[in-house]
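These notes are about the structure you will find just below.
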Amino acid sequence: MTDQPDRARNWLDRIRKLPIDRPMRIMNVCGGHERTIAMAGLRSALPPQVQLIAGPGCPVCICPEEDIHDAIFLSLRAGVTVVAFGDMLRVPANLPKSQPRTLDQARAAGGHVRPIASPTDAIRIARDRPDQQIVFFAAGFETTTAPVAGMLAHELPPNLSILLSARLTWPAVAMLLDSDSPGFDGLIAPGHVAAVMGPEEWRFVSQRHGLASAIAGFSPDGLLSALHAVIMQLLEGRAALENRYERVVRPGGNPTARRLIDEMLDITEANWRGIGTIARSGFALKPHLVDRDARRKFEIESDSGRKRAGEMPVGCDCAKVVLGKIKPDQCRLYAKACTPREPVGPCMVSDEGACHIWWASGVRTQSSEPAAAA
Amino acid sequence: MNIVGEKTIRLAHGNGGRLMRELIDRVFARHFSELGPDKTLDASPFSLPTGVAITSVDAFTVQPLEFPGGDIGTLAVNGTVNDLAVSGARPHFLTLSAILEEGLEIAVLDRVVASLAAEARRTGVKIIAGDTKVVPRGHGGGIYFTTTGIGVRNTGVTLGLDRIQVGDAILVSGPIGDHGIAVMLARQEFDLHGNIRSDCAPVIDLAEAAAALGAHFMRDPTRGGLAGVVNEIASATGFGLRLDETCVPIRDEVRGVCEILGYDPYTLACEGRVVAIVAQTTAREVLAAWRDLAGGESAEIVGTVTNPPARVVLATSAGGERILPELEDEPLPRIC
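Quick note, the sequences are listed as chains X and L, same order. Taking my numbering, the leading residue of the first sequence gets 913, the next gets one more, and so forth. Taking my numbering, the leading residue of the second sequence gets 924, the next gets one more, and so forth.
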């Protein structure tokens, strides 16, 4: 532990000594990576040609607006309690100001909402309250989804159902790479996602698109090591997937977690808030789990005619921030109308959101640099 | 324990009658003895050594009432005494107002008052006035204490924000964040356990040692933590402050809990630390003096005062830098 700062400085020195002669845009797709970069102040320490871009790394930020809307209305029904990870409680849906717009506000208005820290909390609450229908609003990427699949493999209390809003990470990166302007030259692949699903999922970045890539852990030295690998590939004109988190990321990922996901969940096309539909990017409960599906149980039908259904809040650039098209402080609302105390968009709510992370690392003003045309 | 014929506080313990007199006699007066006021008087006379008198008031509402390394009693003494100490004063007297909640176990009150009395003896202050009220169940957190401290500024000491100069050194007397994490773990809201004890202690000796060596300014980093103190200095003086993360003492356990729950250790409260701004030329001397004193063994020089703009820059251990902001909101634990 104690020599970690030394290792980080060592990697930093090695990167600084490289003959970097052109801009290198390197994207990360994990809130944990962005947090490490911001809190260790790595952007200020790297050569100016190396640009670190926060990409789609926050499941709370892209959780469909309709799902939040549905969770709010479920929590206000008599006899129903919605349980969700803490971050989800403050994400706003596009509802009139006269109505509760977040689960937190629904709770204040008499709705039944409880924050939980893990799926086992949801089971415990369902057992403790057999008189209530417990709906677990499960939003997250693969790392959160694997424990949900594990939970579904067990005998569950009959009053527990799932409002599943789970997403896969790689399809968003694939969508960016298939677009006309991906906006990055190299990728830092997410260590925890790769640990669960296997590093192989990320090979397409180098093999199909010819981009430099490396899987990184979450300490500053681990991240700098992966960054060094990506920069070296770019300098040498190579494209590969290097695993710089070997201690945790093994070939094939975690076989138990993958088996449970395969047995319990289907992969489907899915909606990403403010971004749209992405093929093969969502999880859905397998047909045999239909009794666990809160959407069926409570006959939720989304009203697509509702004002701004599915969209980001008015004026909010979260979708551009999530895709790495603009930096958080280039949003028109950043640090003005939108702060962690009074967040407008989900990126300022969630701990994994780039805006929240930048704010916590001390960025308190808007950028003077105009946003590039996206 | 059955000290006053009852196990719990009743509303009648605040009604001015026999029960209240018994509670005061058998809990407060018993532990205070020679420290306490003359019960036969409604108001207490006192006299101070010559000099500039200094006063400070603070209310204490900590939950839980008892935590590893202290309780609301030690906090009520040290919180106020330390405010006087970092202002360059020697504390002499305290007043104590206690608001008790109906249903409070008298055994808990007895323990907390005993440790309050012990801490007052340790710091050399007398309690010259007191008051007790009882509020109905559900209207208070068991015990609320308010203490007012009265002291006299030590001769020759001139501390002030106006004495801070570019180039001054920033010192911290010990590891930061211990109190914040100890209390958070004691609440048992999370399935986390640790051996972290609150740093709750008087800083009189530390403050007097630094003041005697000509310190320019001192503060105890309580609510808002180290980040709060340095940001306050930046905005009040207009100078910048630069902290070196590798020099800031933080225990591994505190760092670990912060990582799990998403807290920033720089914003966590300390209750027995001093932040001092001293001339660069005397920084080593103050550091050596502190390290010889109880509670100052792990003191460090953590940064310097720099030219404007007024902001705090943290040089990170990884070799980067970022702005260290002050605490914005109630620090919420990261849940997922």
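Quick reminder that beta carbons are idealized off the backbone N, C-alpha and C, glycines included.
What three-state label does DSSP hand residue i in the structure shown?
i: residue 1300/X; result: For chain X, the structure presents residues 913 to 1286; residue 1300/X sits outside this window and is missing.
i: residue 1223/X; result: coil
i: residue 941/L; result: helix
i: residue 1251/X; result: coil
i: residue 1071/X; result: coil
i: residue 1155/X; result: strand
i: residue 981/X; result: helix
i: residue 1051/L; result: strand
i: residue 1001/L; result: helix
i: residue 1046/L; result: helix
i: residue 1059/X; result: helix
i: residue 1099/X; result: strand
i: residue 1281/X; result: coil
i: residue 1189/X; result: strand
i: residue 1238/X; result: coil
i: residue 1028/L; result: strand
i: residue 988/L; result: coil
i: residue 1168/X; result: helix
i: residue 1196/X; result: strand
i: residue 1173/X; result: helix
i: residue 1058/L; result: strand
i: residue 953/L; result: helix
i: residue 1259/L; result: Bear in mind that the predicted position of residue 1259/L carries a pLDDT of just 33, short of 50, making it too unreliable to give a figure here.
Within the same chain, show all residues whose beta-carbon is closer than 7 Å to that of residue i, passing over the 5 residues directly before and after it, in chain order.
i: residue 1230/X; result: 973, 1186, 1224, 1257, 1258, 1259
i: residue 913/X; result: Residue confidence for residue 913/X is low, a pLDDT of 41 falling below 50, so the modelled location carries little weight; the figure read from the coordinates is stated next. Nothing meets the Cβ criterion.
i: residue 1109/X; result: 1054, 1165, 1170
i: residue 1221/L; result: 1097, 1098, 1172
Starting from residue i, trace the beta strand (DSSP E) in both directions and tell me its first and last residue.
i: residue 1184/X; result: 1177–1184
i: residue 1169/L; result: No beta strand (DSSP E) holds residue 1169/L; DSSP gives it neither H nor E.
i: residue 1071/L; result: 1066–1076
i: residue 1163/X; result: Careful: residue 1163/X lies outside any beta strand (DSSP E) and carries neither H nor E.
i: residue 1014/L; result: 1012–1024
i: residue 979/L; result: 976–983
Give the single residue among the options whose Cα lies nearest to the Cα of residue i.
i: residue 1172/X; options: 954/X, 1001/X, 1055/X; result: 1055/X
i: residue 993/L; options: 1217/L, 1228/L, 1215/L, 1119/L; result: 1119/L
i: residue 1319/L; options: 1041/L, 1047/L, 1024/L, 1050/L; result: Residue 1319/L lies beyond the range of chain L shown here (924 to 1259); nothing can be said about it.
i: residue 1084/X; options: 1247/X, 925/X, 1193/X; result: 1193/X
i: residue 965/X; options: 1051/X, 1094/X, 999/X, 917/X; result: 1094/X
i: residue 1121/L; options: 1226/L, 1004/L, 951/L, 1218/L; result: 1218/L
i: residue 929/L; options: 938/L, 942/L, 937/L; result: 942/L
i: residue 1074/X; options: 1043/X, 1035/X, 1081/X; result: 1035/X
i: residue 1109/L; options: 1043/L, 1088/L, 1180/L, 1172/L; result: 1180/L
i: residue 1324/X; options: 1239/X, 1228/X, 1282/X, 1207/X; result: Nothing can be reported for residue 1324/X, as the shown portion of chain X is limited to 913 through 1286.
i: residue 1039/L; options: 1198/L, 1148/L, 954/L, 1171/L; result: 954/L
i: residue 1342/L; options: 1244/L, 1204/L, 1129/L, 1224/L; result: Outside the shown range of chain L (924 to 1259) lies residue 1342/L, about which nothing can therefore be said.
i: residue 1176/L; options: 1229/L, 1086/L, 1102/L; result: 1102/L
i: residue 1011/L; options: 1138/L, 999/L, 1193/L; result: 1138/L
i: residue 1081/X; options: 1167/X, 1270/X, 943/X, 1263/X; result: 943/X
i: residue 1211/X; options: 917/X, 929/X, 986/X; result: 986/X
i: residue 931/L; options: 1013/L, 971/L, 1029/L, 1069/L; result: 1029/L
Give a yes or no on whether 8 Å exceeds the smallest Cβ distance from residue i to chain B.
i: residue 1247/L; result: No chain B appears in this structure, whose protein chains are X and L.
For residue i, which residues in the same chain have their Cβ closer than 8 Å to its Cβ, ignoring the five residues on either side in sequence?
i: residue 932/X; result: 959, 961, 962, 1143, 1147
i: residue 1150/L; result: 1187, 1189, 1190, 1235, 1247, 1248, 1249, 1250
i: residue 920/X; result: 952, 1131, 1132, 1133, 1136
i: residue 927/X; result: 958, 959, 962, 1136, 1139, 1140, 1143
i: residue 1175/X; result: 1061, 1065, 1198
At which residues does the alpha helix (DSSP H) containing residue i begin and terminate?
i: residue 1138/X; result: 1132–1148
i: residue 948/X; result: 943–951
i: residue 1125/X; result: Segment 1124–1128 is the beta strand (DSSP E) holding residue 1125/X; no alpha helix (DSSP H) there.
i: residue 1082/X; result: 1082–1090
i: residue 954/X; result: 954–957
i: residue 1209/X; result: 1206–1209
i: residue 1118/X; result: 1115–1119
Apart from the five residues on each side of it in sequence, which residues of its chain come closer than 6 Å, Cβ to Cβ, to residue i?
i: residue 1065/L; result: 988, 1024, 1027
i: residue 1005/L; result: 1126, 1143
i: residue 1183/X; result: 976, 1189
i: residue 1152/L; result: 1142, 1144, 1198
Just checking residue i against the ligand HEM - is the residue's beta carbon closer than 7 Å to any of the ligand's heavy atoms?
i: residue 1203/X; result: Absence of the ligand HEM from the depicted structure is noted, as is the absence of any ligand whatsoever, leaving it without description.
In chain order, which beta strand (DSSP E) runs of at least 3 residues are fully inside the region 986–1052 of chain X? 992–997, 1025–1028, 1045–1052
Please give the ranges of any beta strand (DSSP E) in the region 914–941 of chain X, keeping only runs that are unbroken, at least 3 residues long and fully inside the region. 936–940
Unbroken beta strand (DSSP E) runs of length 3 or more, entirely within the region 1183–1250 of chain L: which are they? 1198–1201, 1223–1229, 1235–1238, 1244–1246
Just to confirm the assignment: which complete alpha helix (DSSP H) runs, minimum length 4, are found wholly within the region 1095–1177 of chain L? 1101–1109, 1127–1135, 1148–1160
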